[in-house]
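Our numbering numbers the first residue of the sequence shown as 120 and each following residue consecutively. The structure appears right after this line, and notes come after that.
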Amino acid sequence: MDLYENVAIIGKDLKLIYVGKSLAELLKQNEIELDNLSPNNNSSKNLSLITGVIPKLLSTKEPQFIKLSPTLELITFLANDGESIFIGLKEKVIRIQTIAHQLKERVKELECLYGVSKEMDSPKRSIDEILYNCTKLIEKSFQYPDDTAVNIEIGKKIYGEIKYDSQQIKDVLASDIYLGDLKKGEVKAFLKNDLGFLDEEKKLLDEIALKIESLIERQEKTVNYEKQQKILSAKNEALIRMTEECYQKREKLNTFIKAISEIIVVVDTEFNIVMSNKDEIGDDGKCYNKIFGLNERCTDCPAIITFNSAQDAASERIHEEKNILLDTHPIRSSDGKVDRVLEVCRDVTNQKLLESQLIQSYKLASLGKLVAGVAHEINNPNTFILGNLKIINESFDDIFPILDDYFKSHDDLRIARLNYNVFKENISVLVNDMINGANRTKKIVSDLRNFAKKDDGALTDDVDINYIIKNNLTLTRKHIKKYAGLEVNLNEDIPTFKGSFNKIEQVLLNLAINGSEAIEHDHGMVTISTNYDAKSNEVVLIVSDNGSGMSEATIKNIFDPFFTTKRDKGGTGLGLSITYGIIREINGKIEVTSKVGVGTTFTIRIPATR
120 MDLYENVAII GKDLKLIYVG KSLAELLKQN EIELDNLSPN NNSSKNLSLI TGVIPKLLST
180 KEPQFIKLSP TLELITFLAN DGESIFIGLK EKVIRIQTIA HQLKERVKEL ECLYGVSKEM
240 DSPKRSIDEI LYNCTKLIEK SFQYPDDTAV NIEIGKKIYG EIKYDSQQIK DVLASDIYLG
300 DLKKGEVKAF LKNDLGFLDE EKKLLDEIAL KIESLIERQE KTVNYEKQQK ILSAKNEALI
360 RMTEECYQKR EKLNTFIKAI SEIIVVVDTE FNIVMSNKDE IGDDGKCYNK IFGLNERCTD
420 CPAIITFNSA QDAASERIHE EKNILLDTHP IRSSDGKVDR VLEVCRDVTN QKLLESQLIQ
480 SYKLASLGKL VAGVAHEINN PNTFILGNLK IINESFDDIF PILDDYFKSH DDLRIARLNY
540 NVFKENISVL VNDMINGANR TKKIVSDLRN FAKKDDGALT DDVDINYIIK NNLTLTRKHI
600 KKYAGLEVNL NEDIPTFKGS FNKIEQVLLN LAINGSEAIE HDHGMVTIST NYDAKSNEVV
660 LIVSDNGSGM SEATIKNIFD PFFTTKRDKG GTGLGLSITY GIIREINGKI EVTSKVGVGT
720 TFTIRIPATR
C-alpha cells in the first residue's frame, strides 16, 4: 500500500489515470497539479520540469529523474505494457525495486539448488555430466551471470570453463569439498567485474559443496558395492548354475498353471493367498477378498471343511450374475497335517445354461408326445361345436321374423325366463362369444400340433435369413406398427444354413411380435439385425426391443410351454416354446438378456453351411 500512496499513473496522452493520496498532497505543496500536463501549461516551474522529461522518457524508454528540491526527487518510468507512465517518489520506488531484486536473486538461488539436486538424483547421467551441468546452474544463479564463471575441481579433473584470462578476474569465491577428513576438491566462482560477491552467494556455494560431497560419497559407496557384488557373484556362480535349472522347472510349471483358465490359489489356515495362477490376484491378500471382493470369510467356505476333515470339498454360489463352483483340496505338511488348501474357482455358467437347455429339450420332447394326442381329442368335438354354432347363428335370420310376428300379439312372450326383447338382444352376442371361444380353442389346438410336430424332412432348405426377413416384414410390419417402430440392420455378407423356410419364418414372427407387444410407451422400437461370426462359422440373428423388459424369475420360465405374461391379451404361452424347439432342432442356440424397464434382446446363433 505504501507504494500505491506514493505513485501516480498517466496515459501517453498525458491524461491523469491515478494518483496516490500522499504523492498528491506533496505535489500540491510544490504547486503541482497533475490534472493538466499539457506542454502549454506553464502554471508552475516544477510542473514544467515534469512535462519536460516525458518526451525523453518516451523516446529512450529509460527512467528519468526530476529534482524538485534538495529533499524532493521524483522518478518517471514506463509501465511494462508501454502504454502508461509512472511518476513516484524516488526513494520509495527504489526501495520497492531493491526488495523485488533481492527476492529475484533468492529465487534464482533456490532454483539453482533445486536444479543441482535434480541433476544429482538423475540415474541416467554420469558424475562427469552432473558436475559439468552444475557449473552452468551455479553461473546462472549469481547476481552477474554474464561476468561469472564457475568450475568444480575433483582430484585432477576440472569441470566447467573459464571464460576469460586471469588478468580479467577481479574476485574469486571458493568452497572446499571434503570426504571425511580428506579434501577431495573445491568449487570456485570467478568474477570479472569489481562489484564483488554477495554473502548469499558464498552460502550458496558452501551448500552446493556439501551436496557434491554427498554425491561423491554415494558414488564411492556404489563403486565399493559393485566390487563386492562382483566378488559375491563369482563365489556364488556355482550356486546360480544349480538354481537355474530349478528356476526353469518352476517357470515351466507356472506356465502350465497360468494357462489354466480357472482361478487356482493356495491359501494358509488364515485364508491368506500363498500362490495363485492369475496376475490380477497375485500372491497375497485374503482369498475371499481377491476372488469375490468380500471383506469377511464366505459363510459356505469349503476350505473350512477341507482344513477340518482333510477331505476334498466343494460349494456353488452366484457371483456377479455368474455360477461359480469352488473346489478345495488338502495340501499336507511334512508331519501330515493340512496346513494349506488348494482352491479351484470355476465359472460353470455356460455349463448350467447347457444343462438348463437340455432339461428344456427333454421337457419339450415329453410334452410333444402328450399334446399330440390331447390336441386330437380336443379338436374333434370342438369342430362339431364350431360348426353347430355357426348353423344356430344363421338360423336366427329365419327364426326371429316368426318370433317378431308372434310377439306383436303376445307381448308377454318369454324365452328361457327372459323377456323376448332381452332374449333377442343378447342371444346373438352369446352365440358369437361361443364361436369366438371355439375359434380360440381351435387356435390353441393348432399351436399344440405345431409344437408337437417334428418334420424330419423339412430341414433341407438352404435358408437365407436376410431373404426371409425382407419378405416376412410385409406380414409383420403392420402388426408391429400398432405398438412400435421397426428398424432392420442386415449384414449383406451372410451365408446360408440348413433348415426350414417356414419354421424360421415362424421364429422371426414370434420374436418380432413378442417384442412389439412388450412395449407400452410412444417411443418404442423393435430392431432386427443379422451378422456372421466367421470365427465360430455361425449366422447370428438378433431381435431386440426397448419395452418393459423381464425379471430374472420370468427369464427362467419363458421357454416353458403355456408360460405367458400376456394371458389377458390372448397369449397361449407356446410361441417361445415352439421357437426354442425349432432352433434346437437345427442345432442352434438361443440366448436372452433383459432388464426391467430397459428392454429385451434375443440372440440366435445357427451353424452356417459355408
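The beta carbon of each residue, even a glycine, is placed where N, CA and C say it ideally should be.
- Spatial neighbours of K714 in its own chain (CB-CB distance under 7 Å, excluding positions within 5 residues in sequence) are listed in chain order as G668.
- Within the model, the alpha-carbon separation for T728 versus T649 is close to 16 Å.
- Of all alpha-carbon atoms in P189, I194 and S188, the one lying nearest the alpha-carbon of E181 is that of I194.
- Here the C-alpha atom of A432 lies approximately 5 Å from the C-alpha atom of T447.
- Of the residues assessed, D664 falls on the buried side of the cut-off, its CB having 16 or more other CB atoms within 10 angstroms.
- In chain order, N650, D652 and R724 place their CB closer than 6 Å to the CB of V659, counting only its own chain and leaving out the 5 sequence neighbours on each side.
- Taken through DSSP and simplified to helix, strand or coil, I206 comes out as strand.
- P680 sits in coil when the DSSP states are folded into three classes, being neither helix nor strand.
- Contact between the segment 425–443 and the segment 457–475 is present, with at least three C-beta pairs closer than 8 Å.
- DSSP places I638 outside any alpha helix (DSSP H), giving it a letter other than H or E.
- In this structure, the CA atom of A422 is about 16 Å from the CA atom of S395.
- Secondary structure note for N270: its beta strand (DSSP E) is the uninterrupted segment T267 to I273.
- Note on D313: under 16 other CB atoms within 10 angstroms of its CB, so exposed under the neighbour-count rule.
- Around the beta carbon of S655, fewer than 16 other beta carbons sit within 10 angstroms, so the residue counts as exposed.
- In this structure, the CA atom of V564 is about 27 Å from the CA atom of V711.
- Contact check for I511 against V550 passes: the beta carbons are separated by less than 8 Å.
- Scanning its chain for C-beta atoms nearer than 8 Å, with the 5 sequence neighbours on each side dropped, one finds around I587 the residues F620, I623, E624 and L627, in chain order.
- Annotated three-state conformation of N538 is strand, per DSSP.
- E671 and N538 have their C-alpha atoms some 54 Å from each other.
- Taking E370 as the centre and dropping the five residues before and after it, the same chain places no C-beta closer than 6 Å to its C-beta.
- Residue pairing by DSSP puts V582 in a beta bridge opposite F616.
- In its chain, beyond the 5 residues on either side, V384, V386, F390, I392 and E462 have a beta carbon closer than 7 Å to the beta carbon of C406.
- If you ignore the 5 residues before and after K397, its C-beta comes within less than 7 Å of the C-beta of I382, all in its own chain and listed in chain order.
- Along the segment 420–508, the beta strand (DSSP E) occurs as fully enclosed runs of 3 or more residues at 432–438, 441–451 and 457–466, listed in sequence order.
- In the three-state DSSP reduction, A308 falls in the strand class (E or B).
- About 7 Å separates the CB atoms of Y251 and G279; that is less than 8 Å, so the two are in contact.
- Under DSSP, S663 takes part in a beta bridge, and its partners are T646 and T720.
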